[in-house]
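> Protein chains in written order, with the working numbering: chain A, 71 to 915; chain B, 75 to 230.
Below you will find the structure I want to go over with you.
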Amino acid sequence: MKMKEEKIINFMINDMPVKAKEGTSVLRAALDNGIYIPHFCYDKRLEVYGGCRLCLVDIKGGRKLVTSCTTAVQEGMEVYTETPKVISARKTVLELLLVHHPLDCPVCDKAGECQLQDLAFKYGASEGRFSAQRKKDPERLDAPVVQRNTNRCILCGKCVKVCYEHQGVGAIELIGRGFKTKVSPAFEETLNCEFCGQCIDACPVGALNSSYYRHVSRAWYLKDHDMPCPYCGCGCITTLSMRDGKIVRAKGVEGKGQNDGNLCSRGRYGFDFISSPQRLTKPLMRKDSLYSNNIVSSEGSTCNDNPFIETSWDEALDFIAKKMSQIASEHGHEKIGAIGSQRCTTEDNFMLQKFIKESIGSSNVDSAALFGYEKASRSFESVFGQRLRHISWDAPLSADFMLVVESDITSLLPVWGLKFLESKRKGSRLVVADAKKTKLSRHSSSWLRITPGSGTALINGMINVLIREELYNKSAAEDVAGFIELRSSLKEFTPDVAAKASGVTADEIVNLAREYASAKERIIAITACASENTKSSSLFVAAANMAMLMGDGPESLQVPAEHSNTLSMIASGVQAGVNGKNAYEMLYQSNTLRALYIVGEDPLVMMPDTTAVENNLKSLDFLVVQDIFMTDTAKMADVVLPAAAWAEKEGHFISATGNVQKLEKICSSPGEAKPDWEVFSMLIKKMDSRAGLMSFSDVSMEAQLKASSFMARLERSKGRPGFIPVELTIAEEPDSQYPFRLVTSTILQHSGSFSMLSKNLDAIASEPYIQINSADASRLSINPDAFIEISSRRGSAVAKAVVSDEVPEGTLFAPVHFSSARINALTYAAVDGRVPLAAVKITKI
Amino acid sequence: MESILKEVLLRYRSENGSVVSILQDTQSQLGYIPQEAITYFASELNIPESRFYGVATFYSQFCLKPRGKNIITACCGTACHVKGVDKVVNAVSRRLRLSDNDHTTSDGEFTLEKVACLGFCSIAPVVLINGEVFGKAAVEKVVKKIDSIARKDDER
Ligand code: SF4
Ligand code: SF4
Ligand code: SF4
Ligand code: FES
Ligand code: FES
């Protein structure tokens with residue numbers, strides 16, 4: 071860690087003694103001590119700019135007023151923030167701003183929380199000493215989610231800097247000069263950016279606003295609730311504003327949560343999925359299964375195409391209990407299994423596994439995390455002797471060297487990803503090994519464009535160099551089991567060999583290894599998401615080998631849990647135990663199960679090789695799906711149960727950083743939808759009439775106890791560490807028939823298939839697409855936006871071609887969320903250490 | 075154009091240039107800064123397009139549209155404004171059939187530009203035609219000059 075002795079400075083603000091660290095600005099120190107100094111352009115995330123001149127203060131002995139944001143505190147300094155001189159200067163600044171301002175507060179969404187309005191109110195309105203034109207630029211309402219009204223802009227430049235410096239995008243700029251200056255994208259085109267909305271929260275006035283919130287509510291009618299975001303493992307706190315029982319806005323607030331006011335587009339815009347008209351409202355039963363179970367006779371039934379009929383909870387649960395008992399007694403308990411959800415609460419998942427383990431008597435409970443975080447965690451455990459721990463939010467900041475391997479962190483865990491940019495800005499080295507051009511690769515110190523899926527080869531090559539050049543930590547590594555094996559297995563894996571396998575040069579590998587070894591505080595960061603197909607367990611093993619070789623602890627490997635509650639789902643018992651079947655066995659191997667209960671997961675869209683999954687689901691005797699909307703998987707179910715969503719139920723999430731965060735119920739759920747935990751409580755009673763219904767507090771106590779003891783065990787338990795030699799194997803290499811590699815992942819604006827319900831996110835990214843390199847596109851004469859069909863040995867999908875050099879030649883990239891183009895029909899399911907890349911071909915349409 | 079932009083980029087790299095210098099270079103090569111140039115530099119240099127565009131619109135020396143063969147520069151500084159440069163500007167616009175938005179004639183012959191004080195306030199209003207100073211510019215004088223240039227060009 072970079073630790074400096076920090077000197078404490080004593081000084082006075084408004085005759086009150088104040089302490090601050092050396093180098094702090096007067097403004098920061100004042101704000102930290104609850105003293106408000108008006109300011110427009112200051113933001114703690116940004117380099118000090120000092121442009122708005124609103125933060126003027128009087129310093130005793132000084133001749134002129136100074137801007138407090140650019141003045142560092144000094145021992146014995148006496149600062150006054152509201153002297154007549156300061157007030158009059160501030161008034162002048164405000165007056166000059168107000169002469170150009172349209173003063174259209176009555177129709178401005180910011181009114182009531184606008185700093186300009188508040189200050190004008192405090193210091194008195196402009197008397198019109200100056201007269202000048204008002205701007206009459208048209209409002210720009212053309213972009214999704216972000217609206218601009220440049221007439222209201224006070225040109226503080228904060229949005230531009232937040233976007234460029236902090237967010238690493240640079241989509242907007244102050245364009246033109248003088249009176250005509252305005253905030254705009256290049257060429258005044260329609261804003262086309264990542265739509266994080268960070269600029270909106272940064273704007274002190276109403277110049278930037280969210281489209282969905284336009285004229286929706288006056289600020290003073292809103293009631294705010296702080297909640298963890300439902301999407302990724304960052305666990306950002308979003309402040310949700312409610313009006314009439316509905317969430318009408320989400321924003322980040324400085325000082326709240328580890329995200330400290332930052333949000334990504336999912337967190338800021340994705341909350342509206344809960345009010346989608348597609349939400350399930352009633353339990354549904356498939357007609358066929360009712361006929362075949364003689365619950366309803368098919369005669370006389372009304373003929374309509376809907377395969378489901380609505381029913382009551384009581385009937386639906388009776389049916390489930392009856393079928394489950396019947397299958398258990400006819401075929402055995404172990405023929406029943408369940409898939410849990412990385413987005414449901416700790417309580418929900420706890421009750422699912424309790425139901426399966428205790429009421430059914432089966433140990434078959436697992437989740438899609440098997441293809442993501444669990445894969446990483448188990449690989450890690452096999453080397454370090456302990457499971458992965460949670461990530462540390464500031465790990466990138468304390469590192470002086472960051473190696474990111476095939477991980478688009480700023481898309482998958484966007485706000486944590488900003489920490490990598492911040493660390494790089496502060497002088498650390500960021501090396502990105504990725505086939506795809508990402509925000510991180512664009513901001514990296516060096517980018518190694520490796521062949522997709524070849525991270526293992528790159529790391530093995532580095533290990534070869536570390537050993538050959540004796541750069542590793544001998545005392546720490548040589549006594550560890552497997553060292554000799556590791557050394558001999560990689561003896562021949564020279565940089566030249568590794569270079570061939572990974573598509574970069576031998577020199578690059580040698581230099582990278584040396585740089586890695588000479589760093590003081592190094593981390594390797596790798597994401598582990600089920601939708602990514604460029605990594606196998608071998609990559610995590612190789613990375614763990616390399617870290618251990620350097621004598622680095624487990625914390626030097628930062629692997630974040632993917633979703634809002636991945637960690638806690640695992641901790642509360644949804645993971646395949648020794649006796650249980652895992653998700654691969656349940657969903658891909660035939661005849662493993664007769665009945666399956668799926669909660670909050672859509673394997674038919676989100677898991678690899680969906681044809682295999684579909685066949686397996688078809689062969690089941692009984693399928694129950696409990697979800698918030700009719701997913702593709704739910705369409706195959708015998709019973710579909712409507713679940714309450716995030717914000718409609720109490721519970722807890724554990725973020726990728728291990729923070730236990732509380733969820734409130736702030737909205738009512740649609741129709742008869744119920745929290746998942748409650749459904750299981752009812753089912754447990756149906757299965758055994760002696761069982762009582764559990765209250766939320768009972769459930770929560772038991773669930774949290776289980777989860778927290780699991781999390782505590784992660785910290786303590788330590789098996790024997792040992793190196794494990796691994797090599798790169800790719801499940802399916804391109805050949806003449808299927809010449810392209812297909813890389814899949816999650817994109818910034820979506821997550822799973824449920825973010826598709828969000829109208830806001832849909833406005834940003836609504837269509838499936840396939841990225842193709844411009845050279846490939848012109849060779850095959852594929853025009854941008856033309857529909858293309860791609861197919862693998864397992865299936866095919868049609869989507870629009872996006873010609874982009876973000877992907878290298880020979881590689882296609884496609885996001886997997888969109889059920890209208892089921893990309894996962896083409897992908898490969900492998901849990902055996904092979905990289906599940908798929909080989910595909912393109913057919914034009 | 076592509077090869078010119080490549081050269082500009084090479085010079086920028088070898089001279090460790092700035093956003094301003096690369097734009098200046100482009101303008102001196104092409105007479106203006108085409109959108110394609112900004113898009114090209116942005117992706118090659120990993121600098122957002124908005125940065126280039128911001129700088130290009132901040133300095134009045136930069137021109138984002140192709141300029142005509144003949145440049146008419148009307149001063150709109152305070153002195154010239156007071157002395158009625160608007161009349162001249164309107165007359166020139168009418169003569170060249172320019173609307174508020176286009177500053178270059180459709181045949182690419184003339185561009186009318188407005189700038190801030192040219193430093194000749196004593197002889198305001200001031201108009202430059204291809205660098206030639208017209209002090210106390212009268213409408214007739216300026217229009218006549220334009221006519222004669224147009225005629226010459228026609229003859230060629
Ligand atoms: S929404 Fe985000 S990316 Fe887009 S302009 Fe604003 S800060 Fe930049
Ligand atoms: S849009 Fe808002 S944040 Fe951006 S410069 Fe204008 S006032 Fe400042
Ligand atoms: S980074 Fe993750 S937790 Fe934070 S707002 Fe985005 S999706 Fe939500
Ligand atoms: S906040 Fe200090 S000058 Fe703007
Ligand atoms: S104002 Fe026109 S030359 Fe000075």
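Note that beta-carbon positions come from the ideal geometry of N, C-alpha and C, so glycine has one too.
These figures come from a predicted structure and were not determined experimentally.
Using a threshold of 7 Å, is the CB atom of G227 of chain A nearer than that to any non-hydrogen atom of ligand 2?
Counting from 1 along the first sequence, the entry for residue 227 of chain A is found at position 157. Yes - ligand 2 has a heavy atom lying nearer than 7 Å to the Cβ of G227 of chain A.
> Classify M677 of chain A as helix, strand or coil using the three-state DSSP reduction.
Here the question's residue 677 of chain A lines up with position 607 in the first sequence. DSSP places M677 of chain A in coil when its eight states are reduced to three.
> What's the gap between the Cα of A773 of chain A and the Cα of L387 of chain A?
For the purposes of this step, residue 773 of chain A is identified with residue 703 of the first sequence, where counting begins at 1. For the purposes of this step, residue 387 of chain A is identified with residue 317 of the first sequence, where counting begins at 1. C-alpha separation (whole angstroms): 23 Å.
> Taking the DSSP output, what are the residues bridged to M394 of chain A?
Translated into the one-based positions of the first sequence, residue 394 of chain A becomes position 324. M394 of chain A pairs with nothing; no bridge assigned.
> Quick check on the DSSP output: what are the complete beta strand (DSSP E) runs of length 3 or more inside the region 164-216 of chain B, in order along the chain?
Entirely contained in the region 164-216 of chain B, the beta strand (DSSP E) runs reaching 3 residues are, in chain order, 184-189, 201-203 and 206-208.
> Using only alpha-carbon positions, find the residue among A:I245, A:D271, A:S866 and A:P745 that is nearest to Q217 of chain A.
Counted from its first residue, the first sequence places residue 217 of chain A at position 147. That would be A:D271, whose Cα lies nearest to the Cα of Q217 of chain A.
> Of all Cβ atoms in chain A, is any one closer than 8 Å to the Cβ of P199 of chain B?
Residue 199 of chain B sits at position 125 when you count from the first residue of the second sequence. So no, P199 of chain B is outside the interface.
> From what residue to what residue does the beta strand (DSSP E) around F723 of chain A run?
Here residue 723 of chain A refers to the residue found at position 653 when the first sequence is read from its first residue. Note, F723 of chain A: beta strand (DSSP E), G721 to I724.
> Grab me the residues of M752 of chain A's own chain with a C-beta within less than 6 Å of its C-beta, minus the 5 sequence neighbours each way, in chain order.
Sequence index remark: in the first sequence, residue 752 of chain A carries index 682 (1-based). Hits under 6 Å: L387.
> Mind checking whether V166 of chain B and V217 of chain B have CB atoms under 8 Å apart?
To locate residue 166 of chain B, count along the second sequence from 1; it is residue 92. To locate residue 217 of chain B, count along the second sequence from 1; it is residue 143. A contact, by the Cβ cut-off of 8 Å.
> Report whether the distance from the Cβ of R23 of chain A to the nearest heavy atom of ligand 3 is below 7 Å.
Here chain A has residues from 71 to 915 only, and residue 23 of chain A is not among them.
> For S138 of chain A and C122 of chain A, which I take to be in contact (beta-carbon distance under 8 Å), what is that distance rounded to the nearest angstrom?
For the purposes of this step, residue 138 of chain A is taken as the residue at position 68 of the first sequence. For the purposes of this step, residue 122 of chain A is taken as the residue at position 52 of the first sequence. So it is not a contact: roughly 12 Å between Cβ atoms.
> Does any C-beta atom of chain B lie closer than 8 Å to the C-beta of K72 of chain A?
Here residue 72 of chain A is taken as the residue at index 2 of the first sequence, counted from 1. In this prediction, K72 of chain A scores a pLDDT of 46, lower than 50, which makes its location untrustworthy; the coordinate-derived value is nonetheless stated afterwards. Judged by the 8 Å Cβ criterion, K72 of chain A is not in contact with chain B.
> Using the rule of at least 16 other Cβ atoms within 10 Å of the residue's Cβ for burial, across every protein chain shown, is W290 of chain A buried or exposed?
As a working mapping, residue 290 of chain A is identified with position 220 in the first sequence. So W290 of chain A ends up on the exposed side.
> Mind listing, in chain order, the continuous alpha helix (DSSP H) runs of no fewer than 4 residues lying wholly within the region 797-844 of chain A?
You should have 829-834.
> On the DSSP letters alone, give me the boundaries of the beta strand (DSSP E) that R499 of chain A sits inside.
Indexing the first sequence from 1 puts residue 499 of chain A at position 429. That run of the beta strand (DSSP E) goes R499 to A503.
> How about I112 of chain B: is its C-beta nearer than 8 Å to some C-beta of chain A?
Walking along the second sequence from the start, residue 112 of chain B turns up at place 38. Interface residue, yes.
> Going by beta carbon distance, what residues of the same chain come within less than 6 Å of T94 of chain A, once the five residues before and after it are set aside?
Here the question's residue 94 of chain A lines up with position 24 in the first sequence. Counting only Cβ-Cβ distances below 6 Å, and skipping sequence neighbours, we find V143.
> DSSP on M532 of chain A, reduced to helix/strand/coil?
Translated into the one-based positions of the first sequence, residue 532 of chain A becomes position 462. Note: M532 of chain A maps to helix in three-state DSSP.
> Would you mind stating whether L666 of chain A and M676 of chain A have Cβ atoms separated by less than 8 Å?
The count along the first sequence starts at 1 and reaches residue 666 of chain A at position 596. The count along the first sequence starts at 1 and reaches residue 676 of chain A at position 606. No, the pair does not count as a contact, with Cβ atoms beyond the cut-off.
> Against chain A, with Cβ distances strictly below 8 Å, would E123 of chain B count as a contact?
Position 49 of the second sequence, counted from the start, is the residue given in the question as residue 123 of chain B. At least one chain A Cβ lies under 8 Å of E123 of chain B.
> Which residue comes first and which comes last in the beta strand (DSSP E) that contains Q731 of chain A?
The residue you call residue 731 of chain A lines up with position 661 of the first sequence. V730 to L733 is the extent of the beta strand (DSSP E) around Q731 of chain A.
> Using a 10 Å radius around the Cβ and a threshold of 16 neighbouring Cβ atoms, would you call N204 of chain B buried or exposed?
Working through the second sequence from its first residue, we reach residue 204 of chain B at position 130. Result: exposed.
> Within the continuous beta strand (DSSP E) that includes H295 of chain A, where are the two ends?
One-based indexing of the first sequence puts residue 295 of chain A at position 225. Its beta strand (DSSP E) spans residues K293 to P298.
> Residues in its own chain within less than 8 Å of F194 of chain B by CB, not counting five upstream and five downstream?
The residue labelled residue 194 of chain B in the question sits at position 120 within the second sequence. Excluding sequence neighbours, F194 of chain B sits near C149, V200, V207 and G209.
> If I follow the unbroken beta strand (DSSP E) through C139 of chain A, where does it start and stop?
Within the first sequence, residue 139 of chain A is the residue found at index 69, counting from 1. Unbroken run through C139 of chain A: none, as it is neither H nor E.
> Apart from the five residues just before and just after T185 of chain B, which ones in its own chain have a Cβ nearer than 6 Å to its Cβ?
Reading the second sequence from its first residue, position 111 is the one you call residue 185 of chain B. Around T185 of chain B: R141, G142, I145, H177 and T178.
> How many angstroms separate the CA atom of A895 of chain A from the CA atom of G410 of chain A?
Position 825 of the first sequence, counted from the start, is the residue given in the question as residue 895 of chain A. Position 340 of the first sequence, counted from the start, is the residue given in the question as residue 410 of chain A. So the two alpha carbons sit approximately 22 Å from each other.
> Label K321 of chain A either buried or exposed according to how many other C-beta atoms from any shown protein chain fall within 10 Å of its C-beta, with 16 as the threshold for buried.
In the first sequence, residue 321 of chain A corresponds to position 251, counting from 1. So K321 of chain A counts as buried.
> Would you say N90 of chain B lies against chain A (beta-carbon separation less than 8 Å)?
What you label residue 90 of chain B is simply residue 16 of the second sequence in a count that begins at 1. No - not a single Cβ of chain A is within 8 Å of the one on N90 of chain B.
> Express the C-alpha separation of L483 of chain A and A190 of chain B in angstroms, rounding to a whole number.
Sequence index remark: in the second sequence, residue 190 of chain B carries index 116 (1-based). Sequence index remark: in the first sequence, residue 483 of chain A carries index 413 (1-based). So the alpha carbons of these two residues sit roughly 49 Å apart.
> Identify which residue in A:E400, A:L850, A:V629 and A:I579 has its Cα closest to the Cα of G442 of chain A.
By 1-based counting over the first sequence, the position of residue 442 of chain A is 372. Comparing Cα-Cα distances from G442 of chain A to each of A:E400, A:L850, A:V629 and A:I579, the minimum goes to A:V629.
> Under a criterion of Cβ closer than 7 Å to any non-hydrogen atom of ligand 1, which residues qualify, in chain order?
Taking each Cβ in turn, the ones that pass are A:V216, A:C229, A:V232, A:C233, A:Q237, A:V239, A:A241, A:I242, A:L261, A:C263, A:E264, A:F265, A:C266, A:G267, A:Q268, A:C269 and A:I270.
> By Cβ distance below 7 Å, which residues in the same chain neighbour N830 of chain A in space, the five residues on each side in sequence not counted?
The residue given as residue 830 of chain A occupies position 760 in the first sequence. The answer, listed in chain order, is V215, Y282, Y339, G340 and D342.
> On the DSSP letters alone, give me the boundaries of the beta strand (DSSP E) that V709 of chain A sits inside.
Counted from its first residue, the first sequence places residue 709 of chain A at position 639. Taken as a continuous stretch (DSSP letters only), the beta strand (DSSP E) holding V709 of chain A covers V709 to P712.
> Out of A:V232, A:F257, A:P353 and A:A241, state which residue places its alpha-carbon closest to the alpha-carbon of P712 of chain A.
Along the first sequence, read from residue 1 onward, the residue named residue 712 of chain A stands at position 642. Selected option, being the one with the closest Cα: A:P353.
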